[in-house]
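Asker: Residue numbers (the numbering used here): 2 to 330. Even for Gly, the Cβ is constructed at its ideal location relative to N, Cα and C. Right, I'll just put the structure down here and ask away after.
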Ligand code: TYM
């Protein structure tokens, strides 16, 4: 039997970023043959930030279409919406009662939010966020969680909570492990390359997979580099160029060392940036065209329904087991 792998992406905004794509989605294209992959839409996690424009439904559709357009095969992968399986929030409560507050206070999502929004109250959901993630993972006997580096501490917490629960109540959960891609686990902003590329950063620093590719081309050509005009990888001294190399390598599957050789004799970054812009824009144009076709086919609803049936069955069984273990049944 194949080992179970599970991951999810939040449907915040109408498009995922290039960072989400490279760190969170692209590695799954290979994994889907090797593992029994569960890929869900983390729509409940999206609610941790107030979604005032009520576009979540449309964003969810875009995200599922993006999964399929990127090459995820719904015949191999179980694709579903977190909010359609009530066991996620039911197990969340049980796991919250197994989690110590200081462990949640240490988690990066909560800490980042607090730092960025200095004078604002932190929504309680931001603090509970990892506990819901723990439920997402532990409901499905998950062996591996492929994520970018930013999510690794959350998965490590899940690993610890699974061990703690098993020690208290007897063997119940598989102990999950994070898997982080070798290249592209943390794509940085194009304007502030010491910061992660994210939806909350400046628009010029973040590439959105569904944006007009001419806008993307401009962002890449203007990406912050340095004045050395030498292409080599050193995130400490050359964060901008190293970030562009990571993007290039992840999308082309050419090792960074080979790219360094290819651009060893350039006199400025123009050629390197232009080649990268061509690569990124071609990839995006392909995905955007496929998304359009997928939406026209009208298959998203069926894909989510099939996924929810399969995931729901497993989630139900696991919650029954957990309720018995903690003495509720
Ligand atoms: P989310 O939606 O913030 O990110 C989805 C995936 O993209 C990765 N990622 C990045 N990778 C490289 N460079 C970046 N700049 C970058 N930004 C984001 C993330 O690491 C992630 O893999 N809480 C999760 C969703 C979730 C989940 C789960 C994941 C909910 N439950 C259970 C795994 C298992 C989140 O908000 O990811």
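Distance, Cα to Cα, residue 314 vs residue 279?
Answerer: For the purposes of this step, residue 314 is taken as residue 313 along the chain shown, with counting starting at 1. For the purposes of this step, residue 279 is taken as residue 278 along the chain shown, with counting starting at 1. Inter-residue distance for residue 314 and residue 279 is about 44 Å (C-alpha atoms, whole angstroms).
Asker: Using beta-carbon positions only, say whether residue 138 and residue 181 come within less than 8 Å of one another.
Answerer: The sequence position of residue 138 within the chain shown is 137, counting from 1. The sequence position of residue 181 within the chain shown is 180, counting from 1. In this structure, residue 181 does not lie closer than 8 Å to residue 138 by Cβ.
Asker: For residue 12 versus residue 66, is the C-beta distance shorter than 8 Å?
Answerer: In the chain shown, counting from the first residue as 1, residue 12 sits at position 11. In the chain shown, counting from the first residue as 1, residue 66 sits at position 65. Cβ distance not < 8 Å, so residue 12 and residue 66 don't count as in contact.
Asker: What are the boundary residues of the alpha helix (DSSP H) that residue 225 is part of?
Answerer: The residue you call residue 225 lines up with position 224 of the chain shown. No alpha helix (DSSP H) holds residue 225; DSSP gives it neither H nor E.
Asker: Residue 124: which of 106, 192, 74 and 136 sits nearest, CA to CA?
Answerer: Looking up residue 124 in the chain shown gives position 123. Of the candidates 106, 192, 74 and 136, the one whose C-alpha sits nearest the C-alpha of residue 124 is 106.
Asker: Where does the unbroken alpha helix (DSSP H) through residue 40 begin, and where does it stop?
Answerer: Here residue 40 is taken as the residue at index 39 of the chain shown, counted from 1. Looking at the DSSP string, residue 40 is not in any alpha helix (DSSP H); the run it does join, the beta strand (DSSP E), is 37 to 42.
Asker: On a Cα-Cα basis, can you pick out the residue from 248, 292, 290 and 293 that is closest to residue 274?
Answerer: Here residue 274 corresponds to residue number 273 of the chain shown, with the count starting at 1. Nearest of 248, 292, 290 and 293 to residue 274, Cα basis: 248.
Asker: From this set, 232, 293 and 268, which residue's C-alpha is nearest residue 259's C-alpha?
Answerer: Position 258 of the chain shown, counted from the start, is the residue given in the question as residue 259. Taking only the C-alpha atoms, the option nearest residue 259 is 232.
Asker: Return the first residue and the last residue of the beta strand (DSSP E) that residue 9 is part of.
Answerer: The residue labelled residue 9 in the question sits at position 8 within the chain shown. That run of the beta strand (DSSP E) goes 5 to 10.
Asker: Just reading off the alpha helix (DSSP H) that residue 292 is part of, what are its end residues?
Answerer: Residue mapping note: residue 292 aligns to position 291 of the chain shown, counting from 1. First-last of the alpha helix (DSSP H) with residue 292: 271 to 298.
Asker: From which residue to which residue does the beta strand (DSSP E) around residue 178 run?
Answerer: In the chain shown, the residue the question calls residue 178 occupies position 177. Run containing residue 178: 178 to 180, per the beta strand (DSSP E) assignment.
Asker: What residues in its chain sit with their C-beta under 6 Å from that of residue 130, if we drop five residues either side in the sequence?
Answerer: Residue numbering aside, residue 130 sits at position 129 when the chain shown is read from its first letter. These residues qualify, in order along the chain: 49 and 110.
Asker: Rounded to whole angstroms, how far is the Cβ of residue 45 from the Cβ of residue 128, which I believe are closer than 8 Å?
Answerer: Taking the first residue of the chain shown as position 1, residue 45 is located at position 44. Taking the first residue of the chain shown as position 1, residue 128 is located at position 127. Not a contact, Cβ separation roughly 15 Å.
Asker: In the DSSP assignment, what are the bridge partners of residue 56?
Answerer: Within the chain shown, numbered from 1, the residue matching residue 56 stands at position 55. DSSP output for residue 56 lists no bridge partner at all.
Asker: Indicate whether at least one CB of chain B lies closer than 8 Å to the CB of residue 92.
Answerer: In the structure shown, chain B does not exist; there is a single protein chain.
Asker: Pull up the distance between the alpha-carbon of residue 41 and that of residue 78, whole angstroms please.
Answerer: Sequence index remark: in the chain shown, residue 41 carries index 40 (1-based). Sequence index remark: in the chain shown, residue 78 carries index 77 (1-based). Computed Cα separation, rounded: 10 Å.
Asker: Am I right that residue 188 and residue 26 are in contact with their C-beta atoms under 8 Å? What's the rounded C-beta distance?
Answerer: Taking the first residue of the chain shown as 1, we reach residue 188 at position 187. Taking the first residue of the chain shown as 1, we reach residue 26 at position 25. Contact doesn't hold; Cβ gap of about 12 Å is too wide.
Asker: To test your reading of the DSSP string, which unbroken beta strand (DSSP E) runs of 3 or more residues are found completely within the segment 70 to 132?
Answerer: 79 to 82
Asker: Throw me the rounded Cβ distance for the residue 242 and residue 286 pair, which I believe falls under 8 Å.
Answerer: For this step, residue 242 is matched to residue 241 along the chain shown. For this step, residue 286 is matched to residue 285 along the chain shown. So it is not a contact: roughly 25 Å between Cβ atoms.
Asker: Check the DSSP bridge columns for residue 197 and list the partner residues they point to.
Answerer: Start at 1 with the first residue of the chain shown, and residue 197 comes out as number 196. Note: residue 197 sits in a beta bridge opposite 189.
Asker: Could you compute how far the alpha carbon of residue 167 sits from the alpha carbon of residue 173?
Answerer: Locating residue 167 in the chain shown gives position 166, counting from the first residue. Locating residue 173 in the chain shown gives position 172, counting from the first residue. Cα to Cα, the separation comes out at about 6 Å.
Asker: Specify, as a first and last residue, the run of the alpha helix (DSSP H) that residue 248 falls within.
Answerer: Along the chain shown, read from residue 1 onward, the residue named residue 248 stands at position 247. Bounds of the alpha helix (DSSP H) holding residue 248 are 240 to 253.
Asker: Can you tell me the Cβ-Cβ gap for residue 117 and residue 201, rounded? I've got them flagged as a contact below 8 Å.
Answerer: Sequence index remark: in the chain shown, residue 117 carries index 116 (1-based). Sequence index remark: in the chain shown, residue 201 carries index 200 (1-based). Contact flag correct, Cβ pair sits at about 7 Å.
Asker: Find the nearest neighbour of residue 234 within the set 94, 184 and 159, judged by alpha-carbon distance.
Answerer: Taking the first residue of the chain shown as 1, we reach residue 234 at position 233. For the residues 94, 184 and 159, the minimum Cα distance to residue 234 belongs to 184.
Asker: Pick out whichever of 37, 22 and 252 has its Cα sitting closest to the Cα of residue 142.
Answerer: Counted from its first residue, the chain shown places residue 142 at position 141. Comparing Cα positions, the closest option is 37.
Asker: Is any heavy atom of the ligand TYM found at a distance shorter than 7 Å from the C-beta of residue 66?
Answerer: Residue mapping note: residue 66 aligns to position 65 of the chain shown, counting from 1. Flag unset: Cβ of residue 66 not near the ligand TYM.
Asker: Mind checking residue 88: buried by the 16 CB within 10 Å criterion, or exposed?
Answerer: Here residue 88 is taken as the residue at index 87 of the chain shown, counted from 1. Result: buried.
Asker: Is residue 147 helix, strand or coil when you go by DSSP?
Answerer: As a working note, residue 147 is residue 146 in the chain shown. Correct three-state label for residue 147: strand.
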